[in-house]
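Q:
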Amino acid sequence: MPFVLPFAYLLVRNAEDLAGLWGTLADNSLVGPLLRSCVLGISVAAAAGVLGTAAAWLVARTDLRGRRIWALLLCLPLVIPSFVGAVALIAAFAPGGIVEDMLGIAWLPDISGFRGAFIVLTLLTFPYVFLPVMARLRSLSPALEESARLLGRRPLSVFLTVVVPQARAAIAAGALLVFLYVISDFGAVQLLRYDTLTRAIYSDRLLDATRSMALSLVLGLLAVGIVALERRSSRVGLRDHARGGSPLIVPLGGARRGVAYGFLTVLIGIALIAPIAVLAFWAIRGLAQGSPDAMSVVGDPGLIAGPLLSTVGVSVVAALVTTAIILPIAFRTVRRPGRLGEALAGVVVGGFALPGLITALALVFFTLSAPGAIGALYQTLPLLVLAYVVHHGALALGAAQSAVASIPQRLDDAARIMGKGRWQRFAGIELPLMLPGLAAGAGLVLLSTAKELPATLLLAPPGFSTLATKVWQAAEMAAYEDAAIFALALVAISGVLTWFLVVRPALRSWATPVPGAAPTGPEPPTASRAPEPTTP
Amino acid sequence: METLPPHIEMCPAVPTRSDPRGSALAIRGVERVLGGKPVLRGIGLDVPAGTVMALLGPSGCGKTTLLRCIAGLDRPDAGMIAVDDFTVSGPDCFVTAERRRVGMVFQEPALFPNRTVGGNVGYGLPRPERGGPRVDRALALVGLTGTADRMPATLSGGQQQRVSLARALAAEPSLILLDEPFAALDAPLRAGLRGEVRRLLAAAGATAVFVTHDQEEAFLIGDQVALMLEGRIAQVGTPDDLYERPASRAVATFVGDANLLPSEAVGYVAHTPVGDVPLARPAHGRVEVVIRPECVAARRGSDAVVERVEYYGHDAVIVTSSRGCPVRCRVMGRPPYNVGDRIDLEYVGEPSVAFAP
Chain W
301 MPFVLPFAYL LVRNAEDLAG LWGTLADNSL VGPLLRSCVL GISVAAAAGV
351 LGTAAAWLVA RTDLRGRRIW ALLLCLPLVI PSFVGAVALI AAFAPGGIVE
401 DMLGIAWLPD ISGFRGAFIV LTLLTFPYVF LPVMARLRSL SPALEESARL
451 LGRRPLSVFL TVVVPQARAA IAAGALLVFL YVISDFGAVQ LLRYDTLTRA
501 IYSDRLLDAT RSMALSLVLG LLAVGIVALE RRSSRVGLRD HARGGSPLIV
551 PLGGARRGVA YGFLTVLIGI ALIAPIAVLA FWAIRGLAQG SPDAMSVVGD
601 PGLIAGPLLS TVGVSVVAAL VTTAIILPIA FRTVRRPGRL GEALAGVVVG
651 GFALPGLITA LALVFFTLSA PGAIGALYQT LPLLVLAYVV HHGALALGAA
701 QSAVASIPQR LDDAARIMGK GRWQRFAGIE LPLMLPGLAA GAGLVLLSTA
751 KELPATLLLA PPGFSTLATK VWQAAEMAAY EDAAIFALAL VAISGVLTWF
801 LVVRPALRSW ATPVPGAAPT GPEPPTASRA PEPTTP
Chain U
353 METLPPHIEM CPAVPTRSDP RGSALAIRGV ERVLGGKPVL RGIGLDVPAG
403 TVMALLGPSG CGKTTLLRCI AGLDRPDAGM IAVDDFTVSG PDCFVTAERR
453 RVGMVFQEPA LFPNRTVGGN VGYGLPRPER GGPRVDRALA LVGLTGTADR
503 MPATLSGGQQ QRVSLARALA AEPSLILLDE PFAALDAPLR AGLRGEVRRL
553 LAAAGATAVF VTHDQEEAFL IGDQVALMLE GRIAQVGTPD DLYERPASRA
603 VATFVGDANL LPSEAVGYVA HTPVGDVPLA RPAHGRVEVV IRPECVAARR
653 GSDAVVERVE YYGHDAVIVT SSRGCPVRCR VMGRPPYNVG DRIDLEYVGE
703 PSVAFAP
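Here the protein sequences line up with chains W and U, keeping their order.
Note that our numbering has the first sequence beginning at 301, numbered continuously upward.
Note that our numbering has the second sequence beginning at 353, numbered continuously upward.
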């Protein structure tokens with residue numbers, strides 16, 4: 301169980317200086333950052349929950365055109381690292397920024413502090429809600445909604461009283477991921493100067509290591525507490541028995557259709573197009589002005605291709621390893637629910653809530669203090685991959701759990717009756733049926749790994765750089781044109797991967813054949829229920 | 353017995369009863385507690401080789417749990433199960449489902465959606481025989497020749513269930529378990545499949561346990577019927593045993609329609625509200641006599657008043673009361689009486705049974 305390492309690290313380090321720990325906990329200065337982390341986490345989770353659910357309903361359950369394109373575009377903000385989003389917002393709205401330059405507007409809103417962090421994080425994290433809720437809405441049986449309509453409810457009332465309660469578990473799971481993402485985020489709050497726990501942990505880590513460790517422990521406990529709370533409330537969740545039939549599609553009339561298109565367009569515009577446009581603006585300006593940095597990046601394809609290949613390679617490996625490690629835990633929690641499974645899942649989710657920096661520091665600490673050969677792992681790729689696994693396991697867990705749960709128990713029983721051992725049943729029946737769901741989870745891990753920064757900076761072997769570290773290094777040296785070019789490459793490659801790993805598997809289940817039709821031709825895997833790439 | 357199945361080494365054969373021969377399935381004192389609630393309470397049952405035992409009972413009586421214990425998908429808390437005279441489940445041994453080699457058809461078709469029909473049927477066969485003549489034979493048996501290359505999702509529900517049956521038959525197991533296999537199908541399809549399954553099981557010479565909550569289905573398919581009530585076997589016998597000689601009030605009321613008329617018994621005769629009724633077993637004093645509605649004949653008279661007529665098409669039930677006691681009386685075709693008519697009732701059946709009230 302590598303997932304306990306970050307927590308073990310926090311406990312060990314804090315135990316070394318208990319007096320310092322109590323001092324920090326008793327200190328009033330703890331209250332401010334803790335409160336700000338909570339406020340930011342809750343408000344972003346709520347806003348992302350509303351945005352994600354509304355967008356998911358429009359895409360999954362109305363007759364809007366271009367469903368697949370909308371689904372892809374609405375997932376893509378996921379691929380923009382939070383520090384890139386923050387940089388783009390600053391570049392656009394800061395005094396002397398693009399908006400002031402181009403439009404000549406002198407009065408601009410102040411985007412530093414809570415307001416900016418809230419906007420950036422909401423726009424970049426709502427896909428965590430959008431994806432699972434869209435999958436859930438597609439799989440709901442129409443019977444309940446039709447009954448509600450027949451009982452005289454209007455569409456909005458049906459949505460609020462019938463659809464939302466049935467999708468509640470998916471919405472809550474997505475919002476939980478958003479909350480955990482926000483409280484562990486460092487890039488956006490640092491650049492936008494909003495003093496949360498993570499920022500305090502970072503700024504204290506050298507001058508006041510005791511306080512930094514104590515605050516990390518507080519952050520970890522906050523995350524675990526929220527996860528425990530969510531698990532308790534989701535246990536009384538609704539289970540639908542009536543499955544099957546294609547979902548109800550609501551036709552949108554003229555004006556409403558316009559509003560729907562407008563809403564989605566604006567959402568994608570500010571969450572996806574705007575940051576990309578800012579990056580593109582810089583990159584083009586750099587090239588046009590003949591900045592030597594930008595020219596050298598373009599002139600030598602190896603400068604981009606190297607980090608690009610490293611990014612893809614290490615992300616793919618991390619995604620595969622994470623899925624393989626998570627799968628037994630998913631089986632345990634779904635097939636034999638109990639305290640052990642709950643505890644395992646809780647620890648995995650906790651790993652996601654701790655900042656990547658803590659995970660990385662924990663691995664460094666344990667590797668270097670371990671005896672003999674293990675120490676040699678420091679600054680090697682296996683250790684880096686392990687950090688990604690620990691930090692992103694939660695993203696794969698939810699998808700793996702729904703994949704396991706989507707296999708009817710009777711298929712396993714039937715295979716057992718026919719004399720198949722555990723391994724044969726897994727390889728011959730379960731794995732093929734779970735693949736689309738597992739791919740969605742692995743896709744999320746892959747994307748998160750591709751944009752991961754602190755652990756990569758700390759643990760990467762000398763000379764190994766990913767696109768994310770290149771962006772960071774360029775930005776640190778104020779070479780914004782270079783940063784923009786690397787960031788665009790990161791967004792582009794992530795977009796391609798999102799399409800193949802997250803969106804396409806989710807959409808494939810929309811075209812499941814009706815029994816009795818299409819007697820010939822290759823069959824899509826019929827059990828590929830729309831995956832729900834989230835924690836339970 | 354030169355070559356023993358592998359599980360025999362672990363599980364010595366235990367004599368299941370004084371004369372175990374001919375019993376393909378023997379169950380002794382099986383208990384199972386699920387969630388703190390006793391679901392199976394001392395089940396004992398013998399199924400002779402080559403016969404079909406219908407396991408009948410209302411939902412929640414434990415019949416599916418018993419079937420899962422026989423299959424090895426669930427382990428009893430106490431008691432013993434033997435298949436072909438080899439103990440597969442007992443206090444010291446438990447043969448897992450994958451090593452029991454029984455066939456099973458589930459309530460909903462449990463076909464592997466990632467495999468073709470042929471791939472499903474051949475899944476339990478040794479590798480060289482998959483896709484061979486055994487698969488084709490099994491499919492031909494259920495009337496689905498030529499579907500081997502199709503995917504299960506392209507078949508109708510009834511066809512899918514037939515593939516499940518072919519899959520269970522293909523490995524030629526000595527014991528086949530069917531768990532309400534028609535429950536999810538339409539009534540007309542169900543009626544057709546019942547006859548077909550009866551014929552297929554007979555043709556295969558297989559021993560089978562068929563779980564159902566439908567009395568008609570149990571009577572039609574079972575050579576014998578075991579009625580389960582609240583985790584116990586209430587009675588085992590041929591369908592006419594259960595119908596005409598129920599062992600208890602509960603059996604009498606669950607199997608078919610029954611009047612339970614308060615009566616005075618004297619030896620082999622009971623004085624009932626519909627006249628004197630012969631008894632199969634002697635009784636004395638105040639009893640309740642089981643009287644099937646079709647064993648009561650009605651004619652115009654004065655004793656009783658017709659209160660309601662339930663018309664079913666092929667027959668009808670007249671609801672009346674005689675000496676203050678409600679009586680149901682079945683007549684073929686359309687009844688010649690209307691509500692309010694006065695009639696006389698008479699018992700016309702075989703000797704019946706009486707229970708203490």
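All residues carry an ideal CB built from backbone N, CA and C; glycine is no exception.
Can a CB atom of chain U be found closer than 8 angstroms to the CB of isoleucine 380/W?
A: False, the Cβ-Cβ gap to chain U never drops below 8 angstroms.
Q: Please say whether serine 508/U and proline 461/U have beta carbons closer to each other than 8 angstroms?
A: Contact: no.
Q: For chain W, find out if any of its Cβ atoms is closer than 8 angstroms to the Cβ of leucine 517/U; answer yes or no.
A: No, leucine 517/U lies away from the interface with chain W (no Cβ there is under 8 angstroms from its Cβ).
Q: Tell me which residues of the segment 687 to 718 of chain W have at least one Cβ-Cβ distance to chain U shorter than 8 angstroms, keeping chain order.
A: Cβ contacts with chain U come from Pro708, Arg710, Leu711, Asp713, Ala714, Ala715, Arg716, Ile717 and Met718.
Q: Quick check: leucine 767/W and proline 607/W, are their CB atoms within less than 8 angstroms of each other?
A: In this structure, proline 607/W lies closer than 8 angstroms to leucine 767/W by Cβ.
Q: To be precise: take each residue of the segment 617 to 641 of chain W, compare its Cβ to all Cβ atoms of chain U, and keep it if any distance is under 8 angstroms. Which residues remain?
A: Listed by position along the chain: nothing, the set is empty.
Q: Compute the Euclidean distance between the alpha carbons of valine 563/U and alanine 727/W, then round it to the nearest angstrom.
A: Valine 563/U and alanine 727/W: Cα-Cα distance of roughly 31 angstroms.
Q: Helix, strand or coil for glycine 413/W per DSSP?
A: In this structure, glycine 413/W counts as coil in the three-state DSSP scheme.
Q: Would methionine 777/W be called buried (16 or more neighbouring beta carbons within 10 Å of its own) or exposed?
A: With fewer than 16 other Cβ atoms within 10 Å, it is exposed.
Q: Apply the 10 Å Cβ neighbour rule to aspartate 596/U and answer buried if 16 or more other Cβ atoms are within range, or exposed otherwise.
A: A small correction: the amino acid at residue 596/U is glutamate; aspartate does not occupy that position in the sequence shown. Buried, since its Cβ has 16 or more Cβ neighbours within 10 Å.
Q: Can you list, in chain order, the residues of its chain whose CB lies under 6 angstroms from that of isoleucine 501/W, leaving out five sequence neighbours each side?
A: Closer than 6 angstroms at the Cβ level, and outside the excluded window around isoleucine 501/W, lie Ser512, Leu515 and Ser516.
Q: From methionine 658/U to cysteine 681/U, what distance separates their C-alpha atoms?
A: The question names methionine, but residue 658/U in the sequence shown is valine. For valine 658/U and cysteine 681/U, the distance between alpha carbons rounds to 10 angstroms.
Q: Can you find a C-beta in chain U that's less than 8 angstroms from the C-beta of proline 732/W?
A: With 8 angstroms as the cut-off, proline 732/W counts as an interface residue toward chain U.
Q: At what residues does the alpha helix (DSSP H) containing serine 503/W begin and finish?
A: First-last of the alpha helix (DSSP H) with serine 503/W: 497 to 504.
Q: Show which residues of chain U have a CB atom less than 8 angstroms away from the CB atom of lysine 720/W.
A: What lysine 720/W touches in chain U: Glu450, Tyr475 and Gly476.
Q: Is there at least one Cβ from chain W nearer than 8 angstroms to arginine 427/U's Cβ?
A: No, no contact with chain W.
Q: Mind checking which residues open and close the beta strand (DSSP E) that includes glycine 619/U?
A: Element bounds for glycine 619/U: 611 to 624.
Q: Measure the beta-carbon distance from valine 642/U to alanine 599/U and round it to whole angstroms, keeping in mind my assumption that it falls under 8 angstroms.
A: With 8 angstroms as the limit, valine 642/U and alanine 599/U do not qualify as a contact, their Cβ atoms being about 11 angstroms apart.
Q: Helix, strand or coil: how does DSSP classify aspartate 538/U here?
A: Reduced to three states, the DSSP call for aspartate 538/U is coil.
Q: Nearest to alanine 355/W by alpha carbon, out of Ser337/W, Leu431/W and Gly613/W?
A: The option with the nearest alpha carbon to alanine 355/W is Leu431/W.
Q: Measure the alpha-carbon distance for tyrosine 494/W versus arginine 336/W and round it to whole angstroms.
A: Whole-angstrom Cα-Cα distance: 8 angstroms.
Q: From the DSSP output, in three-state form, read off methionine 718/W for me.
A: Reduced to three states, the DSSP call for methionine 718/W is coil.
Q: Quick one: is tryptophan 810/W near chain U, going by C-beta distance under 8 angstroms?
A: Because tryptophan 810/W carries a pLDDT of 46, less than 50, the predicted location of this residue cannot be relied on, and the following value inherits that uncertainty. With 8 angstroms as the cut-off, tryptophan 810/W does not count as an interface residue toward chain U.
Q: Grab me the residues of leucine 613/U's own chain with a C-beta within less than 8 angstroms of its C-beta, minus the 5 sequence neighbours each way, in chain order.
A: Result list for leucine 613/U: Thr624, Pro625, Val626, Glu640, Val641, Ile643, Cys677 and Val679, in chain order.
Q: Apply the 10 Å Cβ neighbour rule to glycine 583/U and answer buried if 16 or more other Cβ atoms are within range, or exposed otherwise.
A: Under this definition glycine 583/U is a buried residue.
Q: Which residues in the same chain as proline 302/W place their Cβ atom closer than 7 angstroms to its Cβ, once the five residues preceding and following it in sequence are excluded?
A: Answer for proline 302/W: Leu686, Val689 and Val690, listed in chain order.
Q: Quick one: Cα of alanine 488/W to Cα of isoleucine 526/W, how far?
A: Alanine 488/W and isoleucine 526/W: Cα-Cα distance of roughly 22 angstroms.
Q: Strictly below 7 angstroms CB to CB, what residues from chain W border phenylalanine 464/U?
A: Leu711 and Ile729, listed in chain order.
Q: From the DSSP output, in three-state form, read off isoleucine 433/U for me.
A: Strand.
Q: Hey, quick one: how far does the alpha helix (DSSP H) through threonine 659/W stretch, first residue to last?
A: Threonine 659/W -> alpha helix (DSSP H) spans 656 to 669.
Q: Taking leucine 753/W as the reference, which of Ala319/W, Arg415/W, Ala660/W and Ala624/W has the closest Cα?
A: Comparing Cα positions, the closest option is Ala660/W.
Q: Closer than 8 angstroms, CB to CB, is methionine 456/U near chain W or not?
A: For methionine 456/U, the answer is yes, since a Cβ of chain W falls inside 8 angstroms of its Cβ.
Q: How is tyrosine 663/U classed by DSSP in three states: helix, strand or coil?
A: The answer is strand: DSSP assigns tyrosine 663/U an E or B state.
Q: Would you mind listing the alpha helix (DSSP H) stretches within the segment 373 to 438 of chain U that are 4+ residues and don't spill past its ends, in chain order?
A: DSSP runs (the alpha helix (DSSP H)) wholly in the segment 373 to 438 of chain U: 415 to 423.
Q: Any idea what DSSP makes of glycine 701/U, helix, strand or coil?
A: Coil at glycine 701/U, not helix or strand.
Q: Could you tell me the alpha carbon to alpha carbon distance between phenylalanine 751/U and phenylalanine 631/W, rounded to whole angstroms?
A: The question about residue 751/U has no answer, for chain U in this structure spans 353 to 709.
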